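Written out below as structure tokens is the structure these notes cover.
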Amino acid sequence: MADQIPLYPVRSAAAAAHRKRAAYYSAAGPGSGAEWPSSRYQLEDESAHLDEMPLMMSEEGFENDESDYHTLPRARTARRRRGLERFVCGGWKLLCASCCDWLVNICQRKRELKARTVWLGCPEKCEEKHPRNSIKNQKYNIFTFIPGVLYEQFKFFLNLYFLVVSCSQFVPALKIGYLYTYWAPLGFVLAVTIMREAIDEFRRFQRDKEVNSQLYSKLTVRESKNSIGHGISEDVRKSSGLFYCGPLAPRGSGGSQSWQKRPLHSASSCFIRTDQLDGETDWKLKVAVSCTQRLPALGDLFSISAYVYAQKPQLDIHSFEGTFTREDSDPPIHESLSIENTLWANTIVASGTVIGVVIYTGKETRSVMNTSNPKNKVGLLDLELNQLTKALFVALVALSVVMVTLQGFVGPWYRSLFRFLLLFSYIIPISLRVNLDMGKAAYGWMIMKDESIPGTVVRTSTIPEELGRLVYLLTDKTGTLTQNEMVFKRLHLGTVSYGADTMDEIQGHLRNPCPQMQSQAGGNNASSTPPRKAQSSAPKVRKSVSSRVHEAVKAIALCHNVSPVYESRAGVGGEAEYAEADQDFSDGNRTYQAASPDEVALVQWTESVGLTLVSRDLGSMQLRTPSGQIQTYCILQMFPFTSESKRMGVIVRDESTAEITFYMKGADVAMSSVVQYNDWLEEECGNMAREGLRTLVVAKRALTEEQYQDFESRYSQAKLSIHDRALKVAAVVESLERQMELLCLTGVEDRLQADVRPTLELLRNAGIKIWMLTGDKLETATCIAKSSHLVSRTQDIHIFRPVTNRGEAHLELNAFRRKHDCALVISGDSLEVCLKYYEHELAELACQCPAVVCCRCSPTQKARIAKLLQHHTGKRTCAVGDGGNDVSMIQAADCGIGIEGKEGRQASLAADFSVTQFRHIGRLLMVHGRSSYKRSAALGQFVMHRGLIISTMQAVFSSVFYFASVPLYQGFLMVGYATIYTMFPVFSLVLDQDVKPETAMLYPELYKDLTKGRSLSFKTFLVWVLISIYQGGILMYGALLLFESEFVHVLAISFTALILTELLMVALTIRTWHWLMAVAEVLSLGCYVASLAFLNEYFDVAFITTVTFVWKVSAITMVSCLPLYVLKYLKRKLSPPSYTKLTS
166 MADQIPLYPV
176 RSAAAAAHRK
186 RAAYYSAAGP
196 GSGAEWPSSR
206 YQLEDESAHL
216 DEMPLMMSEE
226 GFENDESDYH
236 TLPRARTARR
246 RRGLERFVCG
256 GWKLLCASCC
266 DWLVNICQRK
276 RELKARTVWL
286 GCPEKCEEKH
296 PRNSIKNQKY
306 NIFTFIPGVL
316 YEQFKFFLNL
326 YFLVVSCSQF
336 VPALKIGYLY
346 TYWAPLGFVL
356 AVTIMREAID
366 EFRRFQRDKE
376 VNSQLYSKLT
386 VRESKNSIGH
396 GISEDVRKSS
406 GLFYCGPLAP
416 RGSGGSQSWQ
426 KRPLHSASSC
436 FIRTDQLDGE
446 TDWKLKVAVS
456 CTQRLPALGD
466 LFSISAYVYA
476 QKPQLDIHSF
486 EGTFTREDSD
496 PPIHESLSIE
506 NTLWANTIVA
516 SGTVIGVVIY
526 TGKETRSVMN
536 TSNPKNKVGL
546 LDLELNQLTK
556 ALFVALVALS
566 VVMVTLQGFV
576 GPWYRSLFRF
586 LLLFSYIIPI
596 SLRVNLDMGK
606 AAYGWMIMKD
616 ESIPGTVVRT
626 STIPEELGRL
636 VYLLTDKTGT
646 LTQNEMVFKR
656 LHLGTVSYGA
666 DTMDEIQGHL
676 RNPCPQMQSQ
686 AGGNNASSTP
696 PRKAQSSAPK
706 VRKSVSSRVH
716 EAVKAIALCH
726 NVSPVYESRA
736 GVGGEAEYAE
746 ADQDFSDGNR
756 TYQAASPDEV
766 ALVQWTESVG
776 LTLVSRDLGS
786 MQLRTPSGQI
796 QTYCILQMFP
806 FTSESKRMGV
816 IVRDESTAEI
826 TFYMKGADVA
836 MSSVVQYNDW
846 LEEECGNMAR
856 EGLRTLVVAK
866 RALTEEQYQD
876 FESRYSQAKL
886 SIHDRALKVA
896 AVVESLERQM
906 ELLCLTGVED
916 RLQADVRPTL
926 ELLRNAGIKI
936 WMLTGDKLET
946 ATCIAKSSHL
956 VSRTQDIHIF
966 RPVTNRGEAH
976 LELNAFRRKH
986 DCALVISGDS
996 LEVCLKYYEH
1006 ELAELACQCP
1016 AVVCCRCSPT
1026 QKARIAKLLQ
1036 HHTGKRTCAV
1046 GDGGNDVSMI
1056 QAADCGIGIE
1066 GKEGRQASLA
1076 ADFSVTQFRH
1086 IGRLLMVHGR
1096 SSYKRSAALG
1106 QFVMHRGLII
1116 STMQAVFSSV
1126 FYFASVPLYQ
1136 GFLMVGYATI
1146 YTMFPVFSLV
1156 LDQDVKPETA
1166 MLYPELYKDL
1176 TKGRSLSFKT
1186 FLVWVLISIY
1196 QGGILMYGAL
1206 LLFESEFVHV
1216 LAISFTALIL
1226 TELLMVALTI
1236 RTWHWLMAVA
1246 EVLSLGCYVA
1256 SLAFLNEYFD
1266 VAFITTVTFV
1276 WKVSAITMVS
1286 CLPLYVLKYL
1296 KRKLSPPSYT
1306 KLTS
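For the sequence shown, the numbering used here assigns the number 166 to the initial residue and increments by one for each residue that follows.
Dropping the structure here:
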């Protein structure tokens, strides 16, 4: 008999730990905290104390809290002292607080999630009500749209400031101009914002409507006859029932229903695609409830009394626990349900047909529960401009106070102060936000139209400048740096190894029958009761190489979850397709589908050497030998791969010999403890890992019929458990995983993406530190880091030893601190321990490394690393990934880049930027990121200069005329100045570039300067402030000195000179001319000249046509601009920027 083990091994350990903790707490007294060990490095004692420290004290523990004894008397004294005042005021506050809390609880009350029982065909028996089966991704509704959009706009300082300024013009005493001069720009900004939000909201509404209106088929009873009726998803929101789902080829034909079902009656199995749920494109096999497969017809589902008991809705998409019970049989039939019996919402039935019962709907589906609202990403440039805006506001208030002080605080000085605030309000330009948003849209359009990076999509148009400020690049490995195309490279049998050039030898062994293997298999089978005694009593015969090759290849061909799929040539139904698949074994019509590309690569290799998987269903597999013989194996049990076990297994029975064999394969760390002793496995795994190969260990164990029957009874009992099912099932399976015969070690290569090495070198030369975060094992991750040149071959690598407690982490960090200029390789478990106790120290040391590799990382850890770098360094981070497990990291980083790969489009859709290949990231950052940042910096500072110069002219004007709070320019002049007269030339700065794209790619060192933020800083801002003060003073004083008779001439001369100065300053700022820039300059000047004929209210038309007007305007403009041209020329000659040295 097989060895018996308890079904509750972990629970027993947990109970022992609980008793240990209880004894620890009961022994601890008030002064127990002083009895801690004095030495910080006593690892065992300290780790024991750290592990046993309670996360939270019980309610009794708080009763003797010392703070209560101090606060309670004071509270009573204060309560007596307040007396009646407390009774009145305190009671009113308590009543208001209670009402507010009640309203908040009513509005935010969430429905408690519970386990549910769903009866087949009898929704009236279901006590648990299903939520409405619809999804809603809209941010607003018809009532909250306008208030919500306005709140999002006016919570920023810039827009709120202009709202206050505009509203002040309704007060007659504060009115200094026409209303439209203030409300027109603000209204334009709000209109553009509301329109953009409305379009986005309408698109979200359309997507929700499309998903919520998908069709399905419902199994109903009509006139005492069972038939299939059709409806829309509105019906399922009101009641549960049985539903029919067939193969869904196009994505929009109803494959993403927002309800989740358990397959009850179909051709025993089906294939689904889960790329919209977890990002994996491989087909997954789902099996039906075996109890319902014995029913003669679909309508018999209504004649039985059965129900499904399911666990409460949870976030985990990879697990499910439930039971199917049929009560009308004697005895009642109980069958366990697991993840292989489920079809989650947003998955697609790719092959086969399914009858399912609805368990979860609407907000309770896995896909909706796992949907989290990503953070609104704000660019660093926007934050810097916001700081400069606040500095401008301080300057505005200071200037207004100075003007009132010089005025002498006569009369109602506070009214004059507010009027000066309004007069100088153009210091903070409202057009800044409009120009920057339009510039961001232009940058996004340029990126998507770049023919050098085809297929690139900008999904977040608000942060293109972030691409030019990156310091850390966090990248996934599989599918990002590698192609996720697996190729079988090596087979190792312990004494002999086969590579790509010796595969023909394996084919030769398989062509020759091996009777020795069959006799030994029979001998082992006959003498394997019990297994350990058989090994000790039976003589151990050394197997030949041929027999070992036969066994290894057969194990690889049987131990997997791959299914051969044949194209349907006649009929469209699932039954027709399966019937044809059973008959047509032609190689050209067969493709393989599995949940992992590693599995497909292994089965494709067995086909290439002669042993072909030709058919597979829920209960059997068929292999075709090189001689054409068909071998049939009955699948007794399947143990799928999990991230916890890191292995998978299958129990099969050979139909010809009735032999039962348990095959298992998995990672070396998981298999080394379950296989028989050997002296080569660990060494060869390390050798293959150093070559960049993904390794799998394959083993087997022969079982007798008695051993299997005993195992099956215990396994079925464990699967029916509702509580701790996973632990009990794992304990039963573990009883088989002992002293298994090691068959072989396989090596599969994951090829690198095109141009990965030069792209990583380009990014490294640009000053970007690259961290690789992967879920793969340490050896493979280290090898890929070397082969991709992420870590140079001459560079030292510090492998962080596994740590489990605080003391070990402290010692290992000290050892790492003594290393200099070496790459760090750390596992996810050790990373978790270090982040728990030494987060700051680990971040400080890791940031000094040229490269960091984190292996065995979970998606949560990837996102945590991104946040750690942001908080610790304050630098900008970028995350690159291609799978669903990279979404959290992409959303947590300042800038997320998704790659469309074999793992689906989930990362691409969640990212801010989407590319088709990793090599496109180089041009995206070096060219577009650099240009976007420098252009936006120049555009933002020039827009502020445009507001500063006219505010300086206003200050000079008020100072000359006895500090009067009278506007210099009114009405259309102010509106035209910020729009048609200067808008197009200023906005044309988005086309400017300092170097050509080829030069930026050739010299990535130019990118380093951007990370220092020198293009937009307080230093450059002060330079523009000084320029604005100089030009504004020259323009205003020059006009006052040169006018002769009428004051209206001052307006004409100063305003014309102002327009010309702005146009010339744009020309002075441009580094590379574009034909659209020249058109914008000429067009703006033409618009101003043409409008002079219609500005009779502001200008003297007779005066502006004289030569005197022309020479005065020319002289003032020359004095305001010529010195700046001279200074710019001298600066370029004496201290040229770095890019000019490359272009000369």
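For glycine and all other residues, C-beta sits at the position ideal for the given N, C-alpha and C. All of these numbers come straight from a predicted model, not from anything done at the bench.
Give the C-beta separation of residue i and residue j to the nearest angstrom, bearing in mind that I take them to be a contact with Cβ-Cβ under 8 Å.
{"i": "Ser1219", "j": "Leu1200", "result": "5 Å"}
{"i": "Ile143", "j": "Cys1043", "result": "Shown here, the chain extends from 166 to 1309; a query on residue 143 therefore has no answer."}
{"i": "Leu776", "j": "Leu675", "result": "6 Å"}
{"i": "Ile800", "j": "Met786", "result": "6 Å"}
{"i": "Leu564", "j": "Val1045", "result": "Leu564 to Val1045, Cβ: 47 Å. No contact."}
{"i": "Ile1192", "j": "Leu1289", "result": "7 Å"}
Considering only C-alpha positions, which residue in the set the options is nearest to residue i?
{"i": "Leu344", "options": "Asp547, Ala835, Arg818 and Gln1135", "result": "Gln1135"}
{"i": "Leu550", "options": "Leu1292, Pro1301 and Phe1183", "result": "Phe1183"}
{"i": "Phe1212", "options": "Gln1158, Asp1265 and Phe1259", "result": "Asp1265"}
{"i": "Gly851", "options": "Thr439, Ala1217, Thr945 and Tyr1202", "result": "Thr945"}
{"i": "Glu1209", "options": "Asn1261, Ser1153 and Phe1268", "result": "Phe1268"}
{"i": "Arg1236", "options": "Arg1100, Ser1193, Leu1287 and His657", "result": "Arg1100"}
{"i": "Arg922", "options": "Gly1087, Lys301 and Tyr1098", "result": "Gly1087"}
{"i": "His975", "options": "Tyr1003, Asp994 and Ile524", "result": "Tyr1003"}
{"i": "Asp915", "options": "Leu1292, Ala854, Met360 and His1214", "result": "Ala854"}
{"i": "Glu631", "options": "Pro1302, Leu1250, Gly1251 and Lys1177", "result": "Lys1177"}
{"i": "Asn377", "options": "Phe436, Ser299 and Lys449", "result": "Ser299"}
{"i": "Trp348", "options": "Asp365, Lys294, Tyr326 and Ile364", "result": "Tyr326"}
{"i": "Pro1162", "options": "Ile612, Asp465, Asp481 and Val330", "result": "Ile612"}
{"i": "Lys934", "options": "Thr924, Lys942, Leu943 and Leu767", "result": "Thr924"}
Would residue i be called buried (16 or more neighbouring beta carbons within 10 Å of its own) or exposed?
{"i": "Cys332", "result": "exposed"}
{"i": "Phe965", "result": "buried"}
{"i": "Gln874", "result": "exposed"}
{"i": "Ser392", "result": "In this prediction, Ser392 scores a pLDDT of 38, lower than 50, which makes its location untrustworthy; the coordinate-derived value is nonetheless stated afterwards. Ser392 comes out exposed."}
{"i": "Tyr842", "result": "exposed"}
{"i": "Gly620", "result": "exposed"}
{"i": "Trp1238", "result": "exposed"}
{"i": "Ala192", "result": "Bear in mind that a pLDDT of 39 at Ala192, under 50, signals an unreliable position, so the number given afterwards is only what the model happens to contain. By the 10 Å Cβ count, Ala192 comes out exposed."}
{"i": "Met651", "result": "buried"}
Look at residue i and residue j and say whether their C-beta atoms are less than 8 Å apart.
{"i": "Ala988", "j": "Val1018", "result": "yes"}
{"i": "Phe1083", "j": "Gln872", "result": "no"}
{"i": "Lys830", "j": "Cys724", "result": "yes"}
{"i": "Ala510", "j": "Thr530", "result": "yes"}
{"i": "Ala1076", "j": "Gly1063", "result": "yes"}
{"i": "Ser159", "j": "Ile504", "result": "Nothing can be reported for residue 159, as the shown portion of the chain is limited to 166 through 1309."}
{"i": "Lys1173", "j": "Ala1016", "result": "no"}
{"i": "Thr346", "j": "Met1118", "result": "no"}
The beta strand (DSSP E) that contains residue i, what's its start and end?
{"i": "Gly912", "result": "Glu906 to Leu917"}
{"i": "Val1278", "result": "Here Val1278 belongs to no beta strand (DSSP E); instead the alpha helix (DSSP H) covers Val1272 to Leu1299."}
{"i": "Tyr828", "result": "Ile825 to Gly831"}
How far does the alpha helix (DSSP H) with residue i in it extend, from its first residue to its last?
{"i": "Pro577", "result": "It is not in any alpha helix (DSSP H) - Pro577 carries neither H nor E in the DSSP assignment."}
{"i": "Thr488", "result": "Segment Gly487 to Arg491 is the beta strand (DSSP E) holding Thr488; no alpha helix (DSSP H) there."}
{"i": "His1110", "result": "Arg1095 to Val1125"}
{"i": "Gln648", "result": "From DSSP, Gln648 is part of no alpha helix (DSSP H) but of the beta strand (DSSP E) over Thr647 to His657."}
{"i": "Val897", "result": "Arg890 to Glu899"}
{"i": "Glu1009", "result": "Glu1004 to Cys1012"}
{"i": "Gln872", "result": "Glu870 to Lys884"}
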